[in-house]
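A.B. asks: I have a structure I would like to understand better, so I am pasting it below and will then ask my questions one at a time.
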Amino acid sequence: MNRREVIKSTMLVTGGVLSSSLVSFTPFKESNQQQCYAPLRLDIGDLETYIINDGVVRLPSIQPIFAPDVDKEKLTTELKRLHISENKFEGSLNVLLIKNEGKLILLDTGAGGKFGENAGNLIGGLKSIDIEASDITDIIITHGHIDHIGGILDQQDNFVFPSAQYHLAEKEYEFWMSEQDSSTNDQGVLLAQKVFSKIEDKLHLFQYGTVLFSCLKTELAEGHTKGHTIFNIFSGEKSVKHIVDTFHSPFLVSKPEWGTAWDTDFDQAVKTRLRIIKEGTDNGTLFLSCHLPWPSLGYIDKINGESQWTIIPYVDPTRITV
């Protein structure tokens, strides 16, 4: 089965994961604070931020979602080398909170109740640092996938963050709002269109290169979605580059061409990963990700001619300063 056939069959099985949802919808679950891990404070210069775990993405196998064209034996060898499970996929679901100039800013909102017991812990994580949902002033949407916008509305389609303004790249907005006609039954597309329509009066569209809130420079990282946005988060001479969903696992760092059916443009996503890898190895960039192993903060190094994800060494389990 070639890649296109794999992707097509994957869409049928999972309800359209290629263009929208990461897994099929599961019963709604209200957030449970007791299930939450403590947020990890990340100080970037004078900027106070928190990495908050919303939950976990779980799949019963790595293929065919990942490495759809790769020989099973070759995949197994690479997974063993990286000490990654051969029998399942698990990825973090992380949200970043930024405190800056009197504002409380979220980068995405997690899955909300859309992943059942696997996610929906953002609200509890915020409460653990004495922040209520009503305190959030702004939400930046990186892209329109369910695990990034699922927490915007509750089960009754009311705003979870009633005081928030929303910020989204114009290209990503247009991608989702024109993605399918009104006859689509793709739940992920329908969710994105419903959410973006609901927040329309609070929505601010931006162009790439725009600096938001004097600390986030926006950048297009096309491939995962048409308008997938990544960010350089900076304060003074310190910075962290948030690469969002460019990589879902360390094996996509070492083997960027293997790809994933979750990317809307498979080939473009490979090119984007290669570009980010080069930046990391050339410049020593510190990266943050939504799905790489906790705390999803680290470097891309070149070892024996091959790129590798290296988690940042840290001792204090509650706080990292860069």
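For the sequence shown, the working numbering assigns the number 4 to the initial residue and increments by one for each residue that follows. All C-beta atoms in this analysis are idealised placements derived from N, C-alpha and C, irrespective of residue type, glycine included.
Please determine whether the Cβ atom of threonine 145 lies at a distance below 6 angstroms from any heavy atom of the ligand SAH.
C.D. replies: Among the components of this structure there are no ligands whatsoever, and the ligand SAH is therefore not found.
A.B. asks: With a threshold of 7 angstroms on Cβ separation, who are the neighbours of leucine 156 within its own chain once the five nearest residues in sequence on each side are excluded?
C.D. replies: In the sequence shown, the residue the question calls residue 156 occupies position 153. These residues qualify, in order along the chain: Phe162, Val163, Val198, Lys201.
A.B. asks: From this set, Ser217, Leu208, Ala264, which residue's C-alpha is nearest glutamine 168's C-alpha?
C.D. replies: As a first step, residue 168 is located in the sequence shown; it is residue number 165 there, counting from the start. Of Ser217, Leu208, Ala264, the residue nearest in Cα terms is Leu208.
A.B. asks: Any idea what DSSP makes of valine 214, helix, strand or coil?
C.D. replies: Position 211 of the sequence shown, counted from the first residue, corresponds to residue 214. Correct three-state label for valine 214: strand.
A.B. asks: Could you tell me if valine 60 is buried or exposed, where buried requires 16 or more neighbouring beta carbons within 10 angstroms of its beta carbon?
C.D. replies: Position 57 of the sequence shown, counting from 1, holds the residue named residue 60. It counts as buried.
A.B. asks: Any contact of the stretch 107-117 with the stretch 253-264, i.e. 3+ C-beta pairs under 8 angstroms?
C.D. replies: Not touching, per the Cβ criterion.
A.B. asks: Taking the alpha helix (DSSP H) that glutamine 66 belongs to, which residues open and close that run?
C.D. replies: Position 63 of the sequence shown holds residue 66. Neither: glutamine 66 is in no alpha helix (DSSP H) and is coded neither H nor E.
A.B. asks: Name the residue from Leu129, Gly226, Tyr302 whose alpha carbon lies nearest to the alpha carbon of lysine 274.
C.D. replies: Within the sequence shown, numbered from 1, the residue matching residue 274 stands at position 271. Nearest of Leu129, Gly226, Tyr302 to lysine 274, Cα basis: Gly226.
A.B. asks: Look up leucine 96 in the DSSP assignment and give the residues it is bridged to.
C.D. replies: For the purposes of this step, residue 96 is taken as residue 93 along the sequence shown, with counting starting at 1. Note: leucine 96 sits in a beta bridge opposite Gly58.
A.B. asks: Could you check the C-alpha separation between leucine 62 and glycine 128 for me, to the nearest Å?
C.D. replies: Counted from its first residue, the sequence shown places residue 62 at position 59. Counted from its first residue, the sequence shown places residue 128 at position 125. Approximately 24 angstroms between the Cα atoms of the pair.
A.B. asks: Buried or exposed for alanine 41, please, with buried defined as at least 16 other CB atoms from any protein chain shown within 10 angstroms of its CB.
C.D. replies: Taking the first residue of the sequence shown as 1, we reach residue 41 at position 38. Classification for alanine 41: exposed.
A.B. asks: Please report how far the alpha carbon of histidine 294 lies from the alpha carbon of serine 95, in whole angstroms.
C.D. replies: Along the sequence shown, one-based indexing puts residue 294 at 291. Along the sequence shown, one-based indexing puts residue 95 at 92. Taking the straight line from one Cα to the other gives about 4 angstroms.
A.B. asks: Mind reading off the beta-carbon distance from isoleucine 54 to proline 316? Whole number of angstroms is fine, and I expect it under 8 angstroms.
C.D. replies: Counting from 1 along the sequence shown, the entry for residue 54 is found at position 51. Counting from 1 along the sequence shown, the entry for residue 316 is found at position 313. Contact flag wrong, Cβ pair sits at about 16 angstroms.
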